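Protein sequence lines, in the order shown, are assigned to chains A and B.
Every number in our numbering is 38 more than the matching position in the first sequence, counting from 1.
Every number in our numbering is 11 more than the matching position in the second sequence, counting from 1.
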Amino acid sequence: MTLKQFILTLTLLVCHTLVAQQDSIVQLKEVLISDTQLRDFSSTQSVNRLNDSVINKNSSSLSSLLQYNSVVYLKENGLGMVSSPSFRGTTAQQTAVVWNGININSQLNGQTDFNTINTRDFKEISVRAGGGSVIYGSSAIGGSIHLNSLLEFDNAFTNEIRVNYGSFNTQGINYKTLVSSDKFSASVSFTRNSSDNDYNYVGREGKNLNGQYYNTSLNAVAGYKINSRNRLTLYSYYFDGERHFSLIFPSEIRTKYRDNNTRNLLEWVGNYGKFTSKVKAAFLQEEYKYFDNVRNDAFTYGKVESVIAKYDLSYKAGENLKINTVLDLTQNKGHGSDILNKTRQIGAASVLASHNLGKRFMYEVGLRKEVTNNYQSPLLFSLGTKYKFTPYYTLKLNTSKNFRIPTFNDLYWQGSGNTQLKPENSWQVEAGNNFVYKGFTVSLTGYYIKIKDMLRWVPTGSVWRPVNTDKVKTYGAEVLMGYTKTIGLHNLAINATYGYTKSQNEVTGKQLIYVPFHKATASLSYSYKKISAYYQFLYNGDVFTRSDNNSRYNVDAYTTGNAGVEYNFGTANTYKIGAQMLNAWNADYVSVESRYLPGRNLNVYLNLKF
Amino acid sequence: MNFKKCLLALVAGSVFFVSCSSDDDNAGQAGAYRDGTFILNEGNSTPSTASVTFLGNNGSVQQDIYTTVNPDKPGLGTYLQDLFFSDDKAFIISGSANKITIVDRYTFEYIATVDTNLENPRFGAVVNGKAYVTNYADYRTGADDFLTVINLSDYTTSKVALNNWSEKIIEENGKLYIANGYYGDGTSITVFNPANNTTERVIELGASPESFQEEDGILYVLGGGKLSRINLATNQVSGSITLPAALTYSAQDLTIEDNTLYFTASTSVYAMPLNSATIPATPLLTYTSDSEYGAMYGFNVNDDKIYIADGGNFSEDSEIYTYSLTGTLLNSYTVGVGPNGFYFND
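Shown next as structure tokens:
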């Protein structure tokens, strides 16, 4: 499927996912993940798990998946173009993207472009709200997005192929295969997306010019049980894509951008009674090239190679107490046309504990300290508790200190980098109320975050340099709701999210730009025997585009919706054919000023599992 | 931060055209924007930040007049670079959108768009029914710089290679003078003959020209630490003054009004008699700006007033200031984002 289309969603159908499973990730036997902290040390926060059946109903970009299924706000520079999140009113650099437990935010600009992640390559994607720096390090302030591969040992051989074709010559193919025995397991997912992306604007002259893109990605996991106690696993992810950057005015000079990222993680897990030991080694490489005129070969680039070594030891004292220590060493080596060649080393140690006291009450604590010669790093902590008052109602409380470290660009930009920077840091607190009653689940979370030493590039002397200047206070409320009902062969599912966000610069008292006060999503799905239909809705409140909050220049609120139908014509296997109508109301809207998004458009797909 | 590259204020060339145009007798014509000053707000990469503010001679201010008058016409583009006049028309250059929007200079009603044969256009001048616009094309080299020639009867365009850094351009006596200076690159003035589209002469200055203006047959050129005089009758440098070391890199915005030569350096304005052989030791005035890259982002002098634009932070509306010729602050006005030039429409 294509990066660009908002394809549908509905979390629902198959998916009890969203709210229902926040508390724990149900593990089937012999299905293993690398990011065990997400499972074991995230009980007092909200974790919204989107499984592959939800992923399959959405467009293949992470941007679109989260736009329609979470409270995360995404600012998209046109369909398929650069997409950056704001989670709980924070900046794009304050959301961490975590691939199999490894933070993969760019070392260059500190964020992840959500249109450079193909969701179909992952078995599950989780949205963990709130602070997570104790576990995941830099950027986990507003929250973190977890891309997980599952390792399964169940003597299986399965294949799945999905092809789609839609408006603007948008094409996608995804192929997945899983081969496993009880000692060996390998799964591979390959995705290719491309689009001419030359849609006409709605209600005005002009079309999206120079918006074409393609990308190819491969995600693989291979595991081998050496013996009953020891297992080796290799995780690999490759992404290569080229996007032309779409124009606002047809006569602009055409530019394009290439991303090339590889991530490899080798993990040796040893189970020794109450102890589980994990040795991890990761090698990550990110590279971009920007061509400021597609007619020339000239480009600017940046590249960072990172090596990470981790030792993760957990101790299980009975059923009720888990203790986990993690030591890690990271080395980043960056170079590029605009940054100085630099290498930096960071060492970190963290301790995590989770303790159940009786069946109703539990708490978890975490501490982390990083050491580096580049900047002073604060002591990070997390403290949370959960109490189940009744089978219907659970209260969660959590407080944490988190941070975001300066990037290579901030530190080493030629002529302007500032090596005296401190990390941005936050202190935050949240309270979550979870209600479960029959088919209903509702969670209501209120949060308050104070962020200090925010980095901003300002004029200092004769050059612009980044300095630790801003203070931001952000608070708000999130509501996640789910309902499922089955009567005979009829299945109904409804899901909804709503976020209210107030994010203020404490010096000026103004709302941050591109942070909506309101965002809501809803989805409804219905199935009867082999046919299913779904509808998906998004409301995005208006946002300021000027830091003085001059409302004359606001990006207006918009409402859009997608509809789809799907028919399973397989007998023994699942063979689905589906069609989707995106932006069914043909809304004329933008996410970023002057970056018009497509009107009503169509997409058909075939999904075969065998 | 591209806008930082677009530092220079425009001023000198356009003042000249204004003064030419203001000779035209337009008495009796209608137009909301007849008596006052256009302020060009360069903006940033977001289209709504690029705008034109009108400051009436009566002190009234109207923001974003182009969009107000032409809500359904194509936008002006981003990074507005220059505005020049020809008869009853105004031409607004967008550096990044590679287009020129033509409006009625009195009503600001949209007339046409020119978007061919332009690549990073900079400044424009008009002679004999044609407009000539400099383009730097690839900013890494001056070798591909060219002129766009616009036929003002039908807005068709053609290109003439210049093969030299090409920035500000003015017309005098049927000839075009082009400052071959681009942030320190290029050290000459090109004399271009529009009658046959050829470069007639390249006058070497030994310093990179930043701004220039003609007065009584002399071309005054400022830049690279020098104030040079070129006698246009002979196309020879007739004299030059070396600026004090403190002003070497900051002096810009040469403007001549009523036999006084003004220029700026950082947040200061200097004034000297046109034929003075010495640079004043102290500025006429200094204003306060907390915007390093936007300090003195636009400057001009007209009708006994000095106009200063402060670029601000390039993401919010910023300020302009008017001063008397003796350096007394008269007024300040909020305009648009990144104001970079004043164009007098009277």
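Using N, Cα and C, we set each Cβ at its ideal position, and we do this for glycine too.
All figures in this text were calculated on a predicted structure; none of them were measured in a lab.
| Query | Result |
| --- | --- |
| Is the Cβ-Cβ distance between Arg230 of chain A and Thr254 of chain A less than 7 Å? | yes |
| Do you know offhand how far Thr363 of chain A's Cα is from Asp350 of chain A's? | 6 Å |
| Out of B:Ile290, B:Tyr188, B:Ile50, B:Ser287, point me to the one whose CA is closest to Gln92 of chain B's CA. | B:Ile50 |
| Look at Arg638 of chain A and Asn624 of chain A and say whether their C-beta atoms are less than 7 Å apart. | yes |
| Measure the C-alpha to C-alpha separation of Tyr143 of chain B and Glu221 of chain B and round it to an integer number of angstroms. | 19 Å |
| Counting only runs of 4+ residues fully inside the stretch 228 to 256 of chain B, write out the alpha helix (DSSP H) ranges in chain order. | none |
| Any chance you could list the beta strand (DSSP E) runs of at least 3 consecutive residues sitting entirely within the stretch 268 to 339 of chain A, in chain order? | 268 to 283, 293 to 310, 313 to 329 |
| Gly236 of chain B to Gln145 of chain A, Cα distance in whole Å? | 41 Å |
| So, for Asp61 of chain A: in the same chain, excluding its five sequence neighbours on each side, which residues have a beta-carbon less than 7 Å away from its beta-carbon? | A caution first: Asp61 of chain A carries a pLDDT of 41, below 50, which makes its placement in the model too unreliable to give a value. |
| Name the DSSP beta bridge partners of Trp137 of chain A, please? | A:Ile140, A:Leu185 |
| Check whether chain B comes within 7 Å of Tyr239 of chain A, counting only Cβ atoms and requiring the distance to be less than that. | no |
| Where does Phe446 of chain A fall in DSSP's three states? | helix |
| Tyr713 of chain A: which of A:Ala336, A:Tyr430, A:Ser392 sits nearest, CA to CA? | As displayed, chain A neither begins before 39 nor continues past 648, which places residue 713 of chain A out of reach and without an answer. |
| Name the residues in the stretch 93 to 112 of chain B whose C-beta lies less than 8 Å from a C-beta of chain A; which are they? | Ser105, Ser107, Ala108, Asn109, Lys110 |
| Listed in chain order, which residues of the stretch 588 to 599 of chain A have Cβ atoms closer than 9 Å to some Cβ of chain B? | Asn588, Arg590, Tyr591 |
| Can you confirm whether Pro58 of chain B, when its beta carbon is compared against all beta carbons of chain A, has any partner nearer than 7 Å? | yes |
| Closer than 7 Å, CB to CB, is Glu290 of chain A near chain B or not? | yes |
| Quick one: grab the DSSP three-state call for Gln105 of chain A. | helix |
| Residues in its own chain within less than 6 Å of Lys84 of chain B by CB, not counting five upstream and five downstream? | Tyr121 |
| In the DSSP assignment, the alpha helix (DSSP H) including Val92 of chain A goes from what residue to what residue? | 90 to 95 |
| Along the chain, where does the alpha helix (DSSP H) containing Tyr77 of chain B start, and where does it finish? | 76 to 80 |
| So, is Gly185 of chain B buried or exposed, given that buried needs 16 or more other C-beta atoms within 10 angstroms? | exposed |
| Using DSSP bridges, identify the partner residues of Trp495 of chain A. | A:Pro504 |
| Whose C-alpha, out of A:Phe277, A:Ser108, A:Thr338, A:Leu189, is nearest the C-alpha of Ala260 of chain A? | A:Leu189 |
| Comparing alpha-carbon positions, which option in B:Ile161, B:Asp269, B:Ala320, B:Gln74 lies nearest Ser277 of chain B? | B:Ala320 |
| Got a sec: is the Cβ-Cβ distance from Asn639 of chain A to anything in chain B below 7 Å? | no |
| Where Ile290 of chain B and Ile229 of chain B are concerned, what is the direct C-alpha to C-alpha distance, given to the nearest angstrom? | 18 Å |
| From the beta carbon of Asp586 of chain A, is the nearest beta carbon of chain B less than 7 Å away? | yes |
| If you reduce the DSSP assignment to three classes, tell me which class Tyr513 of chain A lands in. | strand |
| For Asp115 of chain B, which residues does DSSP report across the bridge? | B:Lys100 |
| Please list, in chain order, all residues of the same chain as Ile76 of chain B whose beta carbon is under 6 Å from its beta carbon, the five residues on each side excluded. | Val63, Phe65, Phe119 |
| With a CB to CB cut of under 6 Å and the five nearest residues on each side skipped, what residues in its chain are close to Tyr213 of chain A? | Ile199, Phe228 |
| Any residues in the stretch 97 to 115 of chain A with a beta carbon nearer than 9 Å to a beta carbon of chain B? Which ones, in chain order? | none |
| Could you pull the start and end residues of the beta strand (DSSP E) that Asp264 of chain B belongs to? | 262 to 268 |
| Less than 7 Å between the C-beta atoms of Gly153 of chain B and Asn175 of chain B, yes or no? | yes |
| Would you mind sorting Val409 of chain A into buried or exposed? The rule is 16 or more other CB atoms within 10 Å of its CB. | exposed |
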